[in-house]
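Numbering of the sequence shown is given in the UniProt record's numbering, commencing with residue 1 and proceeding in unit increments. No residue lacks a Cβ here, since even glycine has one placed at the ideal position from N, Cα and C. Fair warning: this is a prediction, and the values are worked out from it, not measured in the lab. In what follows, a structure is listed as structure tokens, so that the remarks can point back to it.
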Amino acid sequence: MSSLLLPLAAGSASVTQAEAAPRSDGKSLVAFFSRSGNTRVIAGQLSRALPADLFEIAPATPYPADYFETVERARQERDRGNRPPIKAQLPSTASYATVFLGFPIWGETAPPVIRTFLAVHDLAGKTIIPFITHGGFGLGNSQAVLASHAPQARLMDGFSMQAPQERQTIERVTQWLDTLKVK
Ligand SMILES: Cc1cc2nc3c(=O)[nH]c(=O)nc-3n(C[C@H](O)[C@H](O)[C@H](O)COP(=O)(O)O)c2cc1C
């Protein structure tokens, strides 16, 4: 069943979940950023189920393998309002009516590369359906960031879920490693 999507009234940030369905008048794109894989799993499922083209958003300069170094770089980029260059850009978004946009919450907002992705692609008139993973602290101001960086898109409520935190995995493994050292 195709669903009728209502364009946003001027100034409103999102439409209701019940209306969050791909538009029937064009292809769908699943664009995502993921560091530890939680969001990547959802992106893969979406692209196979819809079906939709899959595009991975990645920084031109990769984030460090080390989690804590990544947290620090992400914090600096967020605080400075940086838009780090992304590794690749879609040649065109013209054929897509709907963009499923996936990312983890970083520092209580969307990761800096999501701001870059929205800034360098023309998403005017398209429907954006976010899918977001977070470590338990919610969506922060990510919805407002999407609305301000894609002001001419129709922004839907989308999907979010809590997912494992790399930090907790590191802490658990560190504890285990410590027990190995005493033997
Ligand atoms: C740099 C960094 C910052 C994060 N900041 C938050 C945060 O502010 N709130 C939160 O709930 N989770 C935070 N997390 C946890 C991630 O949002 C969560 O683990 C997410 O599912 C990771 O998705 P991914 O595996 O697709 O990278 C942060 C993770 C990283 C690496």
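- Counting C-beta atoms within 10 angstroms of its own C-beta, A52 has 16 or more neighbours from the protein chains shown and is therefore classed as buried.
- With a cutoff of 8 Å on beta-carbon distance, P112 and P84 are scored as near each other.
- For H149, the uninterrupted alpha helix (DSSP H) segment begins and ends at S142 to H149.
- As a beta-bridge residue in DSSP terms, D53 pairs with L29.
- The straight-line gap separating the alpha-carbon atoms of E108 and R23 is approximately 29 Å.
- For F137, the Cβ falls inside the 7 Å cut-off from some heavy atom of ligand 1.
- In terms of Cα proximity to Q168, the closest of L180, G136 and F159 is G136.
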